[in-house]
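Asks: Quick one: the structure is below, questions incoming.
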Amino acid sequence: MFLKLPKQNVETMIKKDQDTLDTEISEIRQVMKEKVVELEKLEGGDGSKSRAFQLKAMTK
Numbered sequence: 002m003f004l005k006l007p008k009q010n011v012e013t014m015i016k017k018d019q020d021t022l023d024t025e026i027s028e029i030r031q032v033m034k035e036k037v038v039e040l041e042k043l044e045g046g047d048g049s050k051s052r053a054f055q056l057k058a059m060t061k
C-alpha cells in the first residue's frame, strides 16, 4: 500500500529513521567488540589477538 505524503515530511522521517539505525548499529558494534574480548579470555587468551577489534575509525 502506498500513501501520498508531503516530500518534506518523508525526508524528515527517513533521516530520523537513518539516525536511529546508525545509533543502534554503533551500539551493536561496541557490544560485539566487548564480546570478542570476553570470548578470547574464556578461551584462555591474554587479549592480544582481539586488539584489532578495538580499533576506531579515523573518519565517518
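Position 48, counted from 1, in the sequence shown is what my numbering calls 49; the numbers after and before it change by one each time, with no gaps.
Yeah, the Cβ is synthetic: ideal placement off N, Cα and C, and Gly gets one too.
Apart from the five residues on each side of it in sequence, which residues of its chain come closer than 7 Å, Cβ to Cβ, to residue 51?
Replies: As a first step, residue 51 is located in the sequence shown; it is residue number 50 there, counting from the start. Here the set comprises 37, 38 and 41.
Asks: Using three-state DSSP, classify residue 53 as helix, strand or coil.
Replies: In the sequence shown, residue 53 corresponds to position 52, counting from 1. Of the three classes helix, strand and coil, the one that applies to residue 53 here is helix, per DSSP.
Asks: Which same chain residues, not among the five before or five after residue 5, have their C-beta less than 7 Å away from its C-beta?
Replies: As a first step, residue 5 is located in the sequence shown; it is residue number 4 there, counting from the start. Excluding residues within five positions, none has a Cβ falling inside 7 Å.
Asks: So within the stretch 27-51, which uninterrupted alpha helix (DSSP H) runs reach at least 4 residues, ignoring any that extend past its ends?
Replies: Segments of the alpha helix (DSSP H) lying fully in the stretch 27-51: there are none.
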